[in-house]
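Working notes, structure below.
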Amino acid sequence: MKRRLLIVDDDRDAAHLLTNQLAGSQLIEICGVASSVDEAWAKLQQSRPDLVLLGGIKETERGVLSQQFRLAFPHLSFIAACATHELVWEPFFRNLGIYVIAKPVQSGQVEALAMMAPGLGMDARFPPQPQQYFSQEQQGNITFSQDQLTEPSPVFNSQKQSGIKHLITVYGPKGGVGKTFISRELAIFFSTQKKEGRPLKVLAVDFNLDLGTFATTLNLPRTPNLFTWVQDLDKQLHTLAQKRGVDPYSVRQEEWQEFASLLPLSPQHIEKYVVGHTESGLDVLTSPRDIRQSFEIRDYHLYLILETLKQSSYDVILIDTAPDTTDATIQALFFAEHVVMVGTPVVDSIENIQRLLKLLREAEYPEERIQVCMNRLQRKEMFTLEEIRAYFQLHPSKRIFSIPDDGDVKKSINTGIPVMMQAGRSAAKEAIETLGKALFPVDEETKKPAAKGKQSEKPSLFRWLWG
Ligand SMILES: Nc1ncnc2c1ncn2[C@@H]1O[C@H](COP(=O)(O)OP(=O)(O)O)[C@@H](O)[C@H]1O
Ligand SMILES: [Mg+2]
890 MKRRLLIVDD
900 DRDAAHLLTN
910 QLAGSQLIEI
920 CGVASSVDEA
930 WAKLQQSRPD
940 LVLLGGIKET
950 ERGVLSQQFR
960 LAFPHLSFIA
970 ACATHELVWE
980 PFFRNLGIYV
990 IAKPVQSGQV
1000 EALAMMAPGL
1010 GMDARFPPQP
1020 QQYFSQEQQG
1030 NITFSQDQLT
1040 EPSPVFNSQK
1050 QSGIKHLITV
1060 YGPKGGVGKT
1070 FISRELAIFF
1080 STQKKEGRPL
1090 KVLAVDFNLD
1100 LGTFATTLNL
1110 PRTPNLFTWV
1120 QDLDKQLHTL
1130 AQKRGVDPYS
1140 VRQEEWQEFA
1150 SLLPLSPQHI
1160 EKYVVGHTES
1170 GLDVLTSPRD
1180 IRQSFEIRDY
1190 HLYLILETLK
1200 QSSYDVILID
1210 TAPDTTDATI
1220 QALFFAEHVV
1230 MVGTPVVDSI
1240 ENIQRLLKLL
1250 REAEYPEERI
1260 QVCMNRLQRK
1270 EMFTLEEIRA
1280 YFQLHPSKRI
1290 FSIPDDGDVK
1300 KSINTGIPVM
1310 MQAGRSAAKE
1320 AIETLGKALF
1330 PVDEETKKPA
1340 AKGKQSEKPS
1350 LFRWLWG
């Protein structure tokens, strides 16, 4: 039986070429070609393909499109055909359960993938259910209790993410600009806030897998940590492989990825891997203790961790990242509802942000998710925020956030006492609060209960915290 392929591509020539190439295929039958989203929907209804090849559609992102299609047609398999400059997103597409091939597309590649795609039972080791990460719960193959259920398409799909859970990635393509500092302060800020009268449950995650220091900046122990979780995931994956009659020691990297997609997530067990910051109530998932451990962390581990976090009961999750473009960082960017892009008003930092914005724009990353934050601003800078905004070509409605250079920051990092937990007001504190509220609106400060009777009470840490 031939597999039915729908080609979605607004490059009509490329689509035409591939159609010709596959005309005599024994394995594939082209059941339609669409050059717009509307046309693709119509063809999906009419011709019921098994497989969709996503060439490129300017009006939308392929990640979003595949999720939307999959909701309506859960059995579909997807192939994204990527130009060389788009291949950086390969791990990301793979995490969405989309096969990736490079352009120009060769008919043989498509045929090979069509044979691998679920439904034909070609590989007896994997069950005939779709292997896409997100389709399992949509299809009800794995049952979650009600509170574990999340929106079915956690990535790319900004419309659906309103409200409840918030994943915020703090990123900046240069070291020493204040990512860790800002992550820590935002995490502490949110831990001391309420939403609809209820204190927020907040988690900070250190995604500097090799050289993370988030725990240190809060005087926290480094065990358990992310690697503890990775080891547990490996145990679960081994058990899963054995259950399916596969020797875990013969499983290749790519195959682990497939097993990972079948692993049920356990958001109720996250507690085992976090350390608590008693003073604020913040939970922290710290980076591994030993650099070598970070070498053993794979894409699919991070994917499973991020996906589990999305289903957790945390209201806000802050991810501190490394100034790189590794898969860990890219995944953290794509999983987030908000990205705080941190830089300092210095040419090299500005240049790198500009390059990153260019890359993200090319990948059609939804720019409304990015908040640019200039840290360590001094009274007189060579560049104004307006000049920086113009250089980044930000939308006129978009504001640039700033945090002043503050002499107390160094001390606060050395002592492990966040600026946000220090008594009294300061410009830095206010700036963090402003940024925090823009990312995730919290309850406006209510009247402090203690202040009802007594008018003049000394400022206290407790009152500030719980007021
Ligand atoms: N707003 C600020 N004012 C003064 N010093 C700052 C500020 N933000 C960061 N720093 C200093 O910069 C150093 C590097 O910050 P860090 O958060 O570790 O950067 P990154 O995580 O981007 O590498 C900190 O140790 C701190 O001393
Ligand atoms: Mg850092």
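When we follow the numbering used here, the leftmost residue of the sequence shown carries the number 890, and every step to the right adds one.
Cβ atoms here follow ideal geometry from the backbone N, Cα and C, with glycine treated the same way.
Keep in mind that this is a model prediction, so the values were computed, not measured.
For residue 1318, the three-state secondary structure derived from DSSP is helix. By the 16-neighbour rule on beta-carbons within 10 angstroms, residue 917 is buried. For the pair residue 1197 and residue 1114, the CB atoms are not nearer than the 8 Å cut-off. In terms of Cβ geometry, residue 897 and residue 968 do not form a close pair [threshold 8 Å]. Taking 8 Å as the cut-off, the beta carbon of residue 922 is found no closer than this to the beta carbon of residue 954. Taking residue 1094 as reference, the option from 1082, 1085, 1084 and 1118 with the minimal CA-CA separation is 1118.
Following the DSSP letters along the chain, one finds residue 1291 inside the beta strand (DSSP E) bounded by residues 1290-1293. When DSSP assignments are scanned along the segment 1119-1198, the uninterrupted stretches of alpha helix (DSSP H) that are 4 or more residues long and fall wholly within it turn out to be 1142-1151 and 1180-1184. If you look at residue 1304, you'll find it in the alpha helix (DSSP H) that goes 1297-1304. Counting along the chain, no alpha helix (DSSP H) covers residue 1264; the unbroken beta strand (DSSP E) around it starts and ends at 1259-1266. For residue 1293, the shortest separation between its Cβ and any heavy atom of ligand 1 lies below 7 Å. The criterion of a C-beta distance shorter than 8 Å is satisfied by residue 1232 and residue 1242. In the DSSP assignment, residue 1245 falls within the alpha helix (DSSP H) that extends over 1236-1251. The DSSP-derived three-state label of residue 1271 is coil.
Looking at the DSSP output, residue 1058 shares a beta bridge with 1208 and 1228. In this structure, the alpha-carbon of residue 1071 lies about 11 Å from that of residue 1208. Residue pairing from DSSP places residue 971 in a beta bridge opposite 991.
When DSSP states are grouped into helix, strand and coil, residue 918 belongs to the strand group. Bridge partners of residue 1219 according to DSSP: none are assigned. One thing to note: residue 1001 has its Cβ no nearer than 8 Å to the Cβ of residue 971. By the neighbour-count definition (other C-beta atoms within 10 Å, threshold 16), residue 948 is an exposed residue.
Spanning the alpha carbons of residue 1200 and residue 1225 requires a straight line of approximately 13 Å.
The C-alpha of residue 1277 lies about 22 Å from the C-alpha of residue 1253. By a beta-carbon distance limit of 8 Å, residue 1062 contacts residue 1212. Their separation comes to about 5 Å. In the DSSP assignment, residue 1095 falls within the unbroken beta strand (DSSP E) covering 1091-1095. The beta carbons of residue 1298 and residue 1279 sit no closer together than 8 Å. Exposed is the label assigned to residue 1184, since fewer than 16 other Cβ atoms lie within 10 Å of its Cβ.
Proximity to ligand 2 was defined by a C-beta distance below 5 Å to any of its heavy atoms, and the residues meeting it, in sequence along the chain, are 1068 and 1069. In the three-state DSSP reduction, residue 976 falls in the helix class (H, G or I). Taking residue 1189 as the centre and dropping the five residues before and after it, the same chain places the C-beta of 1145, 1146 and 1149 closer than 7 Å to its C-beta, in chain order. Not one heavy atom of ligand 1 falls within 7 Å of the beta-carbon of residue 923.
Residue 1234 holds the alpha-carbon nearest to the alpha-carbon of residue 1067 among 1234, 1314 and 1334. For residue 933, the uninterrupted alpha helix (DSSP H) run begins and ends at 926-936, by DSSP. If you compare the alpha carbons of 1168, 912, 1151 and 1172 with that of residue 1161, the shortest gap goes to 1172. Counting along the chain, no beta strand (DSSP E) covers residue 997; the unbroken alpha helix (DSSP H) around it starts and ends at 996-1005.
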